[in-house]
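Novice: One structure, pasted below without further comment.
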Amino acid sequence: MTSAEEIKSKLDIVDVIQEYVPLKAAGINFKANCPFHNEKSPSFMVSRQRQSWHCFGCGEGGDIFTFIEKQEGLEFREALRLLATKAGVQIKTESPQVRSERETIARCFASSVQYWKTQLIENSQAEPALKYVKEKRNINDESIKNWHLGFALNSWDGLVNYLASVGFKEDIMIKAGVAVKKSAASGRGVYDRFRNRIMFPLSNAHGQVVGATGRVMPGSDEEAKYVNTPESVMYHKGKILYGLDKAKQAIREQDLVVLVEGNVDVITSHQMGIKNVVAASGTALTTEQVALIKRYATRVAFAFDQDTAGQKATTRGILEALSGGLDVLIIELPKNKDGEFFKDPDECIQENPELWKIAVEQAKPLFEYYFEKAKQEKDLDKLENKRALVNTVVPILARVNDLVARSHHIKQLGELVGVPEEQLRHMLENQNIQKKMTYEVVKPERERKMPVSVVGQVSENLIAGLFAAPEYMNYVLDTVEVDMLDPAWQPLYKVMVVDYTENHATNGDKWRTDTFQQRLAEEPQATQLTELYDIVLFRSEQDFINKDSAEVRADLYATAKRLKKIHLQKQVKELERQIRDAEKAVPRNTQQLDELMRTFQQVSGELHKLDV
Ligand SMILES: [Zn+2]
20 MTSAEEIKSK
30 LDIVDVIQEY
40 VPLKAAGINF
50 KANCPFHNEK
60 SPSFMVSRQR
70 QSWHCFGCGE
80 GGDIFTFIEK
90 QEGLEFREAL
100 RLLATKAGVQ
110 IKTESPQVRS
120 ERETIARCFA
130 SSVQYWKTQL
140 IENSQAEPAL
150 KYVKEKRNIN
160 DESIKNWHLG
170 FALNSWDGLV
180 NYLASVGFKE
190 DIMIKAGVAV
200 KKSAASGRGV
210 YDRFRNRIMF
220 PLSNAHGQVV
230 GATGRVMPGS
240 DEEAKYVNTP
250 ESVMYHKGKI
260 LYGLDKAKQA
270 IREQDLVVLV
280 EGNVDVITSH
290 QMGIKNVVAA
300 SGTALTTEQV
310 ALIKRYATRV
320 AFAFDQDTAG
330 QKATTRGILE
340 ALSGGLDVLI
350 IELPKNKDGE
360 FFKDPDECIQ
370 ENPELWKIAV
380 EQAKPLFEYY
390 FEKAKQEKDL
400 DKLENKRALV
410 NTVVPILARV
420 NDLVARSHHI
430 KQLGELVGVP
440 EEQLRHMLEN
450 QNIQKKMTYE
460 VVKPERERKM
470 PVSVVGQVSE
480 NLIAGLFAAP
490 EYMNYVLDTV
500 EVDMLDPAWQ
510 PLYKVMVVDY
520 TENHATNGDK
530 WRTDTFQQRL
540 AEEPQATQLT
550 ELYDIVLFRS
560 EQDFINKDSA
570 EVRADLYATA
580 KRLKKIHLQK
590 QVKELERQIR
600 DAEKAVPRNT
610 QQLDELMRTF
620 QQVSGELHKL
630 DV
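20 is the number of the first residue of the sequence shown in our numbering; add one for each residue after it.
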């Protein structure tokens, strides 16, 4: 058995995909909204029986490996490695030469993280940093270890010297984002990107470190409080949620992501047992991060930051989350002993962890939060307060895709400010026009891999119908010639016809489908044929599973007829063109014209018969 086969035998594709996409049972298969294109109703199907997946929206499909490759943006060998770890399968190690550069970069980065970790714990230079982390931020030893916290020495070459000593080349250090090339004036070589900073490594959803944020030491005169690794082959800022690798289990259990701003907020929350907390890591929530959240939950709770910059980022994030179809909740930070709002979750946790716990439990649905707050704090008889509330809420309402919810909140808003619903709806429409112009262009729908023609679609339906009702093979064979099908489907149909013709004598008229897959595997174009076969089985299971035999028969007959009709119509058009040309020809070829007319009458007669 190859490593790939061993992995496949140990992992169930449904479990693996479930980690990324919430799957719902649909007949004998599972379905979900496709993670690879934008869609509102699910056309992404997974089969446990065949250990395969297919999307009818964008045409992508394959096995457990192709799913991971696409989902994680990996090459096959990397996907193999990731799944091997999951399955507990040992892969033979290759020599370093054959490893891709990408893997070398990843190893270089992991070595850097290891180096920073060691410095924080063991180097006396790091003492103030360790003291700050433990005493000021109350991060305990276990968290320091689990979150891979580290320290970058106040040195220009501490890390690069170390990396060179274990065999990494300078260009790899630069590509990993941990070293910077010296300017021409200061000579050759590279220097450390991070100096005198507390390092917070960033992991992807699988816990692989891919980037880092360096926080300046308190009291340092450095300008930038936070410095991030630049974008690299592994690290894409907008695609990382800090803490997701550790939070995903709790997120799935509670169907809720708590989104905070700072990395330390995440660590201290986890430390006190609230584990569904992540941070967007220095950005307003991005489209990619929303997609990431949707793999695990349908609800996101924003912990409102009290400073205005934070609020702006939060508002942008809320719009993004709503556009992505997530339910949004708001966590209001409690007040401290002096009656002022805590400025972030960590401050609250430091003073009274219990208060943060309660705040999370009391997260309110977004609009409920806005309306209650307005009622409590503002005199809504005053024009400016009404206007402010309407101006805040309407742009947000415009992003709510659920029409029932939207209409519900418009009504609430209307009652609250005493403005007729009609007028609010009008404002909302204007918002939607703006949204279309500014927003939706950024997120184009993905095209299907191959543009699907009508003939392509009908051919697919015909073959799918045959798998659902093999007893009608005989009728279909009489009606549909191979060349009536879309060229993409002809090879599979041909094998079906041959298979049936060879076996029907011994099996009566019924086509036996159970041995068909085996037969396909022996064909010269086995891979391509098996892929087509997989697609039609998904189609068949989706379209026919709930139909009784009479309905399937009716469908199949109609589809076969339709295919024949399309074919005949095409012929009629072509003959008309040829006749026109023949009539114009000088000298006229009467014999050819007669023949064309005869064929034309015969074909259009057949076409006519189909309509009665
Ligand atoms: Zn798709």
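All C-beta atoms, glycine included, are put in the ideal place defined by N, C-alpha and C.
Owing to the predicted nature of the structure, the values given are computational and were not obtained by experimental measurement.
Looking at ligand 2, does it come within less than 7 Å of G343, judged from the CB to the closest heavy atom?
Specialist: Ligand 2 is not among the ligands present in this structure, which contains only ligand 1.
Novice: Does DSSP put R318 in a helix, a strand or coil?
Specialist: In this structure, R318 counts as strand in the three-state DSSP scheme.
Novice: According to DSSP, simplified to helix, strand and coil, what is A604?
Specialist: Coil at A604, not helix or strand.
Novice: What's the C-alpha gap between K405 and V419?
Specialist: Their Cα atoms are separated by approximately 21 Å.
Novice: Can you tell me whether D363 is buried or exposed, with buried defined as 16 or more other CB within 10 angstroms of its CB?
Specialist: D363 is buried by the Cβ-count criterion.
Novice: Rounded to whole angstroms, what's the CA-CA distance from D630 to N57? Just pull it up for me.
Specialist: If you take the alpha carbons of D630 and N57, they lie about 39 Å apart.
Novice: For I337, count neighbouring Cβ atoms within 10 angstroms of its own Cβ and tell me buried if that reaches 16, exposed if not.
Specialist: Buried.
Novice: Tell me the rounded alpha-carbon separation between T578 and Y552.
Specialist: So the two alpha carbons sit approximately 18 Å from each other.
Novice: Only counting the same chain, and skipping five residues up and downstream in sequence, which positions put a Cβ closer than 6 Å to that of S559?
Specialist: Counting only Cβ-Cβ distances below 6 Å, and skipping sequence neighbours, we find A483, F486 and A487.
Novice: DSSP has K50 in a bridge; who is on the other side?
Specialist: The partner list for K50 (beta bridge, DSSP) reads K43 and M64.
Novice: Taking the alpha carbon of Y519 as the reference point, which residue from E542, Q509, M492 and L511 has its own alpha carbon closest?
Specialist: Comparing Cα positions, the closest option is M492.
Novice: Does the Cβ of E79 lie closer than 7 Å to at least one heavy atom of ligand 1?
Specialist: The answer is yes for E79.
Novice: Cβ of G92 versus every heavy atom of ligand 1: is any distance shorter than 7 Å?
Specialist: Outside the cutoff, so no.
Novice: Once you ignore the five residues that flank I626 on each side, which residues in its own chain have a CB closer than 8 Å to its CB?
Specialist: Checking the displayed sequence, the identity of residue 626 turns out to be Leu instead of Ile. The residues are K584, L587, Q588 and V591.
Novice: Below 8 Å CB to CB, which residues in the same chain sit around A529 once its five sequence neighbours on both sides are set aside?
Specialist: Per the sequence shown, the amino acid found at residue 529 is Lys instead of Ala. For K529, where only same-chain residues beyond five positions count, the Cβ hits under 8 Å are P489, E490, M492 and H523.
Novice: Select from Q450, D497, L496 and V501 the residue whose C-alpha is nearest the C-alpha of G475.
Specialist: Per the Cα distances, V501.
Novice: Would you grab the beta carbon distance between L275 and A320 for me? Rounded to a whole angstrom, and I think it's under 8 Å.
Specialist: 6 Å between Cβ atoms; contact.
Novice: Taking R212 and G186 to be in contact with their CB atoms under 8 Å, please state how far apart those CB atoms are, rounded to whole angstroms.
Specialist: Wrong, their Cβ atoms sit about 20 Å apart, outside the cutoff.
Novice: Do you know how far the Cα of A51 is from the Cα of G344?
Specialist: If I take the Cα positions, the gap works out to 14 Å.
Novice: If you draw a straight line from the alpha carbon of G226 to that of K265, how long is it in whole angstroms?
Specialist: Approximately 8 Å between the Cα atoms of the pair.
Novice: Smallest Cα separation from E339: which of P414, W375 and Y39?
Specialist: If we check each option's Cα against that of E339, P414 comes out closest.
Novice: Name the two residues that bound the continuous beta strand (DSSP E) containing K201.
Specialist: Here K201 belongs to no beta strand (DSSP E), and DSSP marks it neither H nor E.
Novice: Quick check: does the Cβ of F63 come within less than 7 Å of any heavy atom belonging to ligand 1?
Specialist: Yes, since a heavy atom of ligand 1 falls inside the 7 Å radius drawn around the Cβ of F63.
Novice: Please specify which runs of the alpha helix (DSSP H), each continuous and at least 4 residues long, are wholly inside the segment 139-217, giving them in chain order.
Specialist: Those alpha helix (DSSP H) runs which fall completely within the segment 139-217 and span 4+ residues are 146-150, 160-165, 177-184 and 189-195.
Novice: Are the beta-carbon atoms belonging to K194 and I293 less than 8 Å from one another?
Specialist: No, the pair does not count as a contact, with Cβ atoms beyond the cut-off.
Novice: Going by beta carbon distance, what residues of the same chain come within less than 8 Å of Q133, once the five residues before and after it are set aside?
Specialist: Result list for Q133: empty, nothing under 8 Å.
Novice: Is any non-hydrogen atom of ligand 1 found closer than 7 Å to the C-beta of F55, if you look at the structure I gave you?
Specialist: Yes; taking the cut-off as 7 Å, the Cβ of F55 has a heavy atom of ligand 1 nearer than that.
Novice: Near F563, what residues of its chain come up, given a Cβ to Cβ distance below 6 Å and the 5 sequence neighbours on each side ignored?
Specialist: Taken in chain order, the residues that qualify are A487 and V571.
Novice: Kindly list the residues whose CB is nearer than 8 Å to the CB of L435, restricted to its own chain and excluding five residues on each side of it in sequence; keep chain order.
Specialist: The residues are F390, A393, K394, L399 and L408.
Novice: Along the beta strand (DSSP E) that carries I349, what are the first and last residues, could you check?
Specialist: Note, I349: beta strand (DSSP E), D346 to I350.
Novice: Kindly identify the DSSP beta-bridge partner or partners of F219.
Specialist: For F219, which the question treats as bridged, DSSP gives the partners T232.
Novice: Using DSSP with H/G/I as helix, E/B as strand and the rest coil, what is F360?
Specialist: In this structure, F360 counts as strand in the three-state DSSP scheme.
Novice: Please tell me whether, using a cut-off of 7 Å, the distance from the CB of G76 to the nearest non-hydrogen atom of ligand 1 is below it.
Specialist: Yes - ligand 1 has a heavy atom lying nearer than 7 Å to the Cβ of G76.
Novice: Return the CA-CA distance between G76 and M64, expressed in angstroms with no decimal places.
Specialist: C-alpha separation (whole angstroms): 10 Å.
Novice: When you compare only the Cα positions, how much space is there between T232 and P249?
Specialist: Near 10 Å, if we compare the C-alpha coordinates of P249 and T232.
Novice: Short of 7 Å in beta carbon distance, which residues of its chain neighbour N247, apart from the five on each side in sequence? Order them along the chain.
Specialist: So the qualifying residues of the chain are G230, T232, K256 and G301.
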